[in-house]
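Note sheet for the following structure.
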Amino acid sequence: MSTEGTGFVDTSRLTKMSAGRRVADFLLRWETMLFVIFILVCVANSILSPYFRDPKNLLETTFNFMEKAIMAMPMMFVILLGDIDISVSGIISLSSLFMGMASLGGVDTPTLVLIGVGVGLVCGLFNGLLITQLDIPSIAVTIGSSSLFRGIANAVLGDKAYTKFPDSFAYFGQGYIGSSPLPFEVVAFAATAIIAGVILNLTAYGRHTYAIGNNKVAARFSGVPVKRVRLLAFAANGLAAGIAAVLLTSRIGSMRPNIASGWDLDVITTVVLGGVAITGGKGNIVGVLISIFLLGFLKFGMGVLNISGKVMNIITGILLIVAILLPKFTDNVRMSIRAGAAKASAKARKTA
Amino acid sequence: MSVAVLIVLMTLAIGLRAPSFLRFGNLVGVVGDTSVLAIVSLAQLGVILIGGIDLSVASTMALAGMIVALTNQHNPQIPAWAYLPMSLGIGAALGAVNGVLVAWGRLPPIVASLGTMSIYRGAVFLISKGQWVTAHEMSAGFRRIPEGKLLGLPYMLWIAIAVAIFYFILMRYTRSGRDVYAFGGNASAARYAGVNERKVEMLVFVVSGALAALAGLIYVSRYGIAQSETATGYELNTVAAAVLGGVNIAGGSGTVLGVLLGSLFIGVVNNALPVLRMSPFLEMLIQGIIILTAVVANTVADMRAKKSLSSGRRL
Chain A
1 MSTEGTGFVD TSRLTKMSAG RRVADFLLRW ETMLFVIFIL VCVANSILSP YFRDPKNLLE
61 TTFNFMEKAI MAMPMMFVIL LGDIDISVSG IISLSSLFMG MASLGGVDTP TLVLIGVGVG
121 LVCGLFNGLL ITQLDIPSIA VTIGSSSLFR GIANAVLGDK AYTKFPDSFA YFGQGYIGSS
181 PLPFEVVAFA ATAIIAGVIL NLTAYGRHTY AIGNNKVAAR FSGVPVKRVR LLAFAANGLA
241 AGIAAVLLTS RIGSMRPNIA SGWDLDVITT VVLGGVAITG GKGNIVGVLI SIFLLGFLKF
301 GMGVLNISGK VMNIITGILL IVAILLPKFT DNVRMSIRAG AAKASAKARK TA
Chain B
1 MSVAVLIVLM TLAIGLRAPS FLRFGNLVGV VGDTSVLAIV SLAQLGVILI GGIDLSVAST
61 MALAGMIVAL TNQHNPQIPA WAYLPMSLGI GAALGAVNGV LVAWGRLPPI VASLGTMSIY
121 RGAVFLISKG QWVTAHEMSA GFRRIPEGKL LGLPYMLWIA IAVAIFYFIL MRYTRSGRDV
181 YAFGGNASAA RYAGVNERKV EMLVFVVSGA LAALAGLIYV SRYGIAQSET ATGYELNTVA
241 AAVLGGVNIA GGSGTVLGVL LGSLFIGVVN NALPVLRMSP FLEMLIQGII ILTAVVANTV
301 ADMRAKKSLS SGRRL
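So the protein sequences, as listed, match chains A and B. Residues 1 to 352 in the numbering used here are what the first sequence spells out, letter by letter. Residues 1 to 315 in the numbering used here are what the second sequence spells out, letter by letter.
Listed below in structure tokens is the structure:
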């Protein structure tokens, strides 16, 4: 958003010579720092709970955050583009509603999955078309569509719930790959992450994403199909929300209109904590991956300590702010040290 | 103001179906009901004007509401009016945290308030130990803060009117207020013109926090309950009211009157549902449709205006 800026512009001008290295430095330190916190959390968890030390059980703990992890992948693209999408939990609600309705009508499992994913994709396209074709800020569109999507679920279901799903539908959120201890959700997430990583780092689409996030106008003048790239990102966000809806509905085996409420900000927090600038153009998948597991395991550890979810919010909030402030702060310190050294050497030259 | 026309038309249409809706007493009730939303939406206005968004307003409402409710529970002898400056002070402090993070920490407003939103919400739980403060634990004076009447209008409406006048004067006639618009319209131009960026950012967040907390006080005393879920999700209602009122979500333009009308629009819709015997579960759906329609309508109108401008230049 537009208030961001001056600080960065000024500092980069001061240290023009090593701008590239400084950016690399910055990213490196961000991830290093996140990784250090992540290791600390893991160590603390292993001390707290013997459960955590067993790899098989460790995989079990991932059930609680794999849906959000899958959603964080396309959300990373959306935020890298300088956009935001706060309708994804609304999409889950609508997608889950349709699955519940279809299931009541006796639809079989493969079709249910198709419906869930399809509704998500349509919702994402709806957002994307409004945003790109009419050039409306994404936050305004997704605030409205979020109410629309969840509003439909509210209107249809009220305070009732769908609880009847076919037995085979439970596999996606509760099942394992073959007889291995690998949950299906983990594999689904791994596949999503690999696809996201490849697209972001190895394709023109990924480079276009960064270009648009850094300067939309310049990108357009350089021949980047800005509208198409943004539309696809929102469509992918809807698609991922649809997939998350399938997994979540399957895992909890029921659908209420308030399903997944508040997840939008959770997913955005994960991405931002992972070092993706909310203003776009900066960040990478490694940071987001660390952030996903950091937050997931942190919640697990606090759960073991019997800390309420509400109090966990405080820690997540502080972590978010500190993680973003700290690199800026250390940058300033380093710069003033450098400036001091330069002044001292100039003085030395003068006296010599 | 097309929103004003819409509100009148809608009110009349509802009146056709349910004549009791048009009774003076009911209309006053509807407007009074809108007070809380109007105050928080005005809180949001300043932050949106500088191109940001304050996601922490609802948590600020809940935290300030809980603090005043606990204070009242343990010290019922404190006169009720004292809670007004108290809530404003608490809110100013909470808003100042956002302000410092944005002005000195250089965090984008959405990130700073995303963090404080979680922190404040968690803090409500911590200070209340997860307990509720309910109506019978509040003093009679405290309960009268929203509902007491002056000249036939409820106190909360008077408070909203006072806030609106204060905000209007601040934004229209003071240098700080003009600086907010200047900064939101074109940040670098404003900087060259000597606008103090940090002062502007601090100002909008401190005002946002203070007003959100005031609304929190009214909310808590009105519904007779303070708990950790108070006003969950309310931040999005305020953005909706602002967007409906024609405030540019990208910053730089938007008026106090627009926000008031946007809030009133939502207030009328929500109050009409029970009168028309429609399910309260429709509220969110209708709100979503209205927001999307308003956003699209504003954009289309903008595009037309730009087109006619450019064609005019060609002539």
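Glycine residues also receive a C-beta, built at the ideal position from the N, C-alpha and C atoms. Note that the structure is a prediction, hence the values are computed from the model and not measured.
message: Tell me the rounded alpha-carbon separation between T15 (chain A) and K328 (chain A).
response: Looking up residue 15 (chain A) in the first sequence gives position 15. Looking up residue 328 (chain A) in the first sequence gives position 328. Low local confidence applies: a pLDDT of 48 at T15 (chain A) is under 50, so the model's placement there is unreliable, with the coordinate-based value given in what follows. Taking the straight line from one Cα to the other gives about 14 Å.
query: For L292 (chain B) versus G144 (chain A), is the C-beta spacing smaller than 8 Å?
result: The residue given as residue 292 (chain B) occupies position 292 in the second sequence. The residue given as residue 144 (chain A) occupies position 144 in the first sequence. Going by C-beta atoms, L292 (chain B) is nearer than 8 Å to G144 (chain A).
message: Taking a contact to mean a Cβ-Cβ separation below 8 Å, would you say F38 (chain A) touches F293 (chain A) in this structure?
response: As a first step, residue 38 (chain A) is located in the first sequence; it is residue number 38 there, counting from the start. As a first step, residue 293 (chain A) is located in the first sequence; it is residue number 293 there, counting from the start. Against a cut-off of 8 Å, the Cβ pair of F293 (chain A) and F38 (chain A) comes out as a contact.
- request: Check whether the Cβ of V271 (chain A) lies closer than 8 Å to any Cβ atom in chain B.
  value: Indexing the first sequence from 1 puts residue 271 (chain A) at position 271. Not one chain B Cβ lies under 8 Å of V271 (chain A).
field: Closer than 8 Å to chain B by CB, G144 (chain A)
entry: Translated into the one-based positions of the first sequence, residue 144 (chain A) becomes position 144. Yes, G144 (chain A) counts as interfacial toward chain B.
query: Mind pulling the chain A residues with CB within less than 7 Å of S228 (chain B)?
result: Residue 228 (chain B) sits at position 228 when you count from the first residue of the second sequence. By Cβ distance, chain A contributes K310.
query: Would A242 (chain B) pass as a contact of Q73 (chain B) if the rule is Cβ separation under 8 Å?
result: In the second sequence, the residue the question calls residue 242 (chain B) occupies position 242. In the second sequence, the residue the question calls residue 73 (chain B) occupies position 73. In this structure, Q73 (chain B) does not lie closer than 8 Å to A242 (chain B) by Cβ.
message: Give the list of continuous beta strand (DSSP E) stretches no shorter than 3 residues that lie fully inside the segment 197-223 of chain B.
response: none
- prompt: For chain A, is any of its Cβ atoms less than 8 Å away from the one on S279 (chain B)?
  reply: For this step, residue 279 (chain B) is matched to residue 279 along the second sequence. Output row for S279 (chain B): interface = yes.
task: Closer than 9 Å by beta-carbon distance: list the chain B residues that pair up with K328 (chain A), in chain order.
output: Sequence index remark: in the first sequence, residue 328 (chain A) carries index 328 (1-based). Within 9 Å Cβ-Cβ: G105, R106, L107.
- prompt: Leaving out the 5 sequence neighbours to the left and right, which residues in its chain are closer than 6 Å to G245 (chain B) when beta-carbon positions are compared?
  reply: The residue labelled residue 245 (chain B) in the question sits at position 245 within the second sequence. Hits under 6 Å: G258, V259, L261, G262.
message: Taking the alpha-carbon of P257 (chain A) as reference, which of A:H208, A:A204, A:Y162, A:G287 has the nearest alpha-carbon?
response: Within the first sequence, the letter at position 257 stands for residue 257 (chain A). Closest by alpha carbon: A:Y162.
task: Run down chain A in chain order and give the residues with a C-beta less than 8 Å from the C-beta of D287 (chain B).
output: Within the second sequence, the letter at position 287 stands for residue 287 (chain B). According to the sequence provided, residue 287 (chain B) is Gln. The question's Asp does not apply to it. In chain order: S147, G151.
Nearest neighbour of I289 (chain B), chosen from A:S291, A:G223, A:R150 [CA to CA]: For the purposes of this step, residue 289 (chain B) is identified with residue 289 of the second sequence, where counting begins at 1. Looking at the Cα atoms, A:R150 is the closest of the given residues.
Which listed residue (A:G301, A:V272, A:I285, A:L112) has its alpha carbon closest to that of A196 (chain A): Counting from one through the first sequence, the residue named residue 196 (chain A) turns up at place 196. Of the listed residues, the one whose Cα sits closest to A196 (chain A) is A:I285.
query: L325 (chain A) CB to nearest chain B CB: under 8 Å?
result: By one-based count along the first sequence, residue 325 (chain A) stands at place 325. Closer than 8 Å to some Cβ of chain B, the Cβ of L325 (chain A) qualifies, so yes.
message: Check this for me: beta carbons of F189 (chain A) and A69 (chain A), under 8 Å apart or not?
response: Within the first sequence, numbered from 1, the residue matching residue 189 (chain A) stands at position 189. Within the first sequence, numbered from 1, the residue matching residue 69 (chain A) stands at position 69. Contact flag set, yes.
message: Taking 8 Å as the threshold (beta carbon to beta carbon), is N284 (chain A) in contact with chain B?
response: Here residue 284 (chain A) corresponds to residue number 284 of the first sequence, with the count starting at 1. Not an interface residue.
- request: Only counting runs of 4 or more residues, tell me where the alpha helix (DSSP H) segments fall wholly within the segment 109-178 of chain A, in order along the chain.
  value: 109-133, 138-157, 171-174
- prompt: Taking the C-alpha atoms as reference points, what is the distance between T61 (chain A) and I47 (chain A)?
  reply: Numbered from its first residue, the first sequence carries residue 61 (chain A) at position 61. Numbered from its first residue, the first sequence carries residue 47 (chain A) at position 47. Going from the Cα of T61 (chain A) to the Cα of I47 (chain A) covers about 16 Å.
- prompt: Per DSSP, what kind of secondary structure is K310 (chain A) in: helix, strand or coil?
  reply: Translated into positions along the first sequence, residue 310 (chain A) becomes position 310. K310 (chain A): helix per DSSP, three-state reduction.
message: Along the chain, where does the alpha helix (DSSP H) containing H136 (chain B) start, and where does it finish?
response: Residue mapping note: residue 136 (chain B) aligns to position 136 of the second sequence, counting from 1. No alpha helix (DSSP H) holds H136 (chain B); DSSP gives it neither H nor E.
field: Range of the contiguous alpha helix (DSSP H) that encloses W104 (chain B)
entry: Numbered from its first residue, the second sequence carries residue 104 (chain B) at position 104. Note, W104 (chain B): premise wrong, no alpha helix (DSSP H); not H, not E.
- prompt: Run through DSSP, which three-state label would M278 (chain B) get?
  reply: Here residue 278 (chain B) refers to the residue found at position 278 of the second sequence. Looking at M278 (chain B) - three-state DSSP - the assignment turns out to be coil, as it is neither helix nor strand.
task: Would you identify the three-state DSSP class for P109 (chain B), choosing helix, strand or coil?
output: Here residue 109 (chain B) is taken as the residue at index 109 of the second sequence, counted from 1. Here P109 (chain B) sits in helix by DSSP.
message: Determine, for V239 (chain B), whether the minimum Cβ-Cβ distance to residues of chain A falls below 8 Å.
response: Here residue 239 (chain B) is taken as the residue at index 239 of the second sequence, counted from 1. Yes, contact with chain A.
field: Under 7 Å by beta carbon: chain B residues contacting T316 (chain A)
entry: Numbered from 1 along the first sequence, position 316 holds the residue referred to as residue 316 (chain A). S118, listed in chain order.
message: Rounding to the nearest angstrom, what Cα-Cα distance links R230 (chain A) and L114 (chain B) in this structure?
response: Position 230 of the first sequence, counted from the start, is the residue given in the question as residue 230 (chain A). Position 114 of the second sequence, counted from the start, is the residue given in the question as residue 114 (chain B). Roughly 24 Å separates the two Cα atoms.
query: Which residues in the same chain have their Cβ closer than 7 Å to the Cβ of A18 (chain B), if we skip the five residues on either side of it in sequence?
result: To locate residue 18 (chain B), count along the second sequence from 1; it is residue 18. Cβ neighbours of A18 (chain B) beyond the five flanking positions: V275, L276.
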